[in-house]
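I have placed the structure first, in the form of structure tokens, so that the comments after it can refer back to it.
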Amino acid sequence: MSPTELGTDAAPPTGWVEPSPSPLLLLLGSKDDLTSERGVDCPGDLPAPSDPDLVRRATAAKEALGDRAFVLGHHYQRDEVVAFADVTGDSFKLAREAAARPNAEFVVFCGVHFMAESADILTADNQAVVLPDLAAGCSMADMAGKNQVDDAWQTLNDLGIAGNTIPVTYMNSSAAIKSFTGQHGGTICTSSNAKRSLEWAFSQGERVLFLPDQHLGRNTAVRDMGLGLDDCVVFDPRKPSGGLSADQLRNAKVILWRGHCSVHGRFTTQCVDEVRERIPGVNVLVHPECAYEVVSKADVVGSTEGIIRVLDEAEPGSSWAIGTELNLVKRLAQAHPDKTVTFLDRTVCYCSTMNRIDLPHFTWAMESLAAGRVVNQISVDAETAQWARVALDRMLALPA
Ligand code: SF4
1126 MSPTELGTDA APPTGWVEPS PSPLLLLLGS KDDLTSERGV DCPGDLPAPS DPDLVRRATA
1186 AKEALGDRAF VLGHHYQRDE VVAFADVTGD SFKLAREAAA RPNAEFVVFC GVHFMAESAD
1246 ILTADNQAVV LPDLAAGCSM ADMAGKNQVD DAWQTLNDLG IAGNTIPVTY MNSSAAIKSF
1306 TGQHGGTICT SSNAKRSLEW AFSQGERVLF LPDQHLGRNT AVRDMGLGLD DCVVFDPRKP
1366 SGGLSADQLR NAKVILWRGH CSVHGRFTTQ CVDEVRERIP GVNVLVHPEC AYEVVSKADV
1426 VGSTEGIIRV LDEAEPGSSW AIGTELNLVK RLAQAHPDKT VTFLDRTVCY CSTMNRIDLP
1486 HFTWAMESLA AGRVVNQISV DAETAQWARV ALDRMLALPA
């Protein structure tokens, strides 16, 4: 019988006994505010959020591996996986942490594919970087394919402007695109140093090709560097010449690749208006991967590490609506019970690819390593790695 046939007043199925209340925290929201991230008491005798058997097996494998394995956990990762991380951080911090552990035979990267590639580029050849689920990609990184970027560069070449165009590529990109950037005189940037990277690029050439996140590029160029919105054009790789005329490309200061993060792209100006109405005095804190209009309405803009710092330093009793990945927002809410911390969007949205790394995959990867089998190794070929390293080193050489 369908729920509709049952109707709202239908009697419970035969044998159903309503469970007694449980203290488990499972759902989002508090009792009086279902949109907060503090959790509610769910009724019923519910199972533990993490399978205790898997927790036991993953713990045993990690203990067996000891210092041979170093586990990295991205800030957007699930709680049950982060619990096993030796260090947490954003993608760049994690890659550097991996590079600082030359004695670890295995670097188990609980993040997404491009992050594991960066770790492989920055670690020694005798270290294996493992991604517990190869399906953990990144929709933004996938929006800039190597062939597409080569074709775009050819378009600039044909117009005679490639020579004075400097590629600036966000960390959230494949190794192939980082390598392209190194080969063409460009640099990598993170969400914390995008302004410095653009300043450097403009000291090297007349215009910038910013890959692959149009929002970070636009926010940095317009909000942080004072360029006009009309100094930026958006290059759509699915259209001939990016859908732009020769004059549009020649006159642009910043050519923004048509890419975005599917998580941060969810936040809208309506979300900001709605939360301000709902929580008087709330501070809106967003990541620069959000759209320009959203960032313009926010009170504070910060990288992932920046958002964590702002919350750490915030006054007790203050209220924050945060526009970034939900796993991080939930943990921030738990870490700051003296502040009101809420998700900027009422609709729940995790980074689905990051969430591919779950406890079963993590346990499988750790047990395989403990048994002497290197699974899901991420290897960047030598030439790609060499040029990607050139671009990363240019970023590392930028003034602090
Ligand atoms: S949050 Fe966005 S940029 Fe980060 S891994 Fe997920 S899809 Fe990619």
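For the sequence shown, the working numbering gives the first residue as 1126, with consecutive numbering after it. Using N, Cα and C, we set each Cβ at its ideal position, and we do this for glycine too.
- Comparing C-alpha distances from L1374 to each of A1439, S1387, V1359 shows the shortest one belongs to V1359.
- Contact between W1278 and L1523 fails: their C-beta atoms lie close to 23 Å from each other, not under 8 Å.
- The ligand SF4 approaches C1386 closely enough that one of its heavy atoms is under 8 Å from the residue's Cβ.
- Per DSSP, I1404 is not a residue of any beta strand (DSSP E), being assigned neither H nor E.
- At a cut-off of 3 residues, the continuous stretches assigned as beta strand (DSSP E) that sit fully inside the segment 1342-1424 are 1357-1360, 1379-1382, 1408-1411.
- Each of A1189, R1221, E1205 was checked against the Cα of D1483, and the nearest Cα belongs to E1205.
- In this chain, the alpha helix (DSSP H) harbouring G1431 covers 1429-1438.
- Listed as beta-bridge partners of G1448 by DSSP are V1411.
- Under the Cβ criterion (8 Å, minimum of three pairs), the segment 1249-1259 counts as touching the segment 1225-1233.
- Under the Cβ criterion (8 Å, minimum of three pairs), the segment 1411-1423 does not count as touching the segment 1198-1218.
- Cβ-Cβ distances below 8 Å link I1432 to L1410, H1412, I1447, T1449, L1453, L1457 in the same chain, with the five nearest sequence neighbours on each side left out; the list follows chain order.
- Nearest Cα to S1317 within the set V1388, D1245, P1177, K1218: K1218.
- Per DSSP, the unbroken beta strand (DSSP E) holding T1312 starts and ends at 1312-1314.
- Beyond the five residues adjoining it in sequence on each side, C1235 comes within less than 7 Å, by CB distance, of V1196, L1197, G1198, H1199, Q1202, V1206, A1210, P1257, I1482, F1487 in the same chain, given in chain order.
- At a cut-off of 4 residues, the continuous stretches assigned as alpha helix (DSSP H) that sit fully inside the segment 1231-1262 are 1238-1247.
- With respect to M1265, D1338 sits close: the two C-beta atoms are nearer than 9 Å.
- Taking the Cβ atoms as the reference, I1313 lies roughly 6 Å from K1303, within the contact range of under 8 Å.
- Closest in C-alpha terms to V1505, from the list G1191, M1240, K1187, comes M1240.
- If you draw a straight line from the Cα of D1283 to the Cα of G1368, it comes to about 15 Å.
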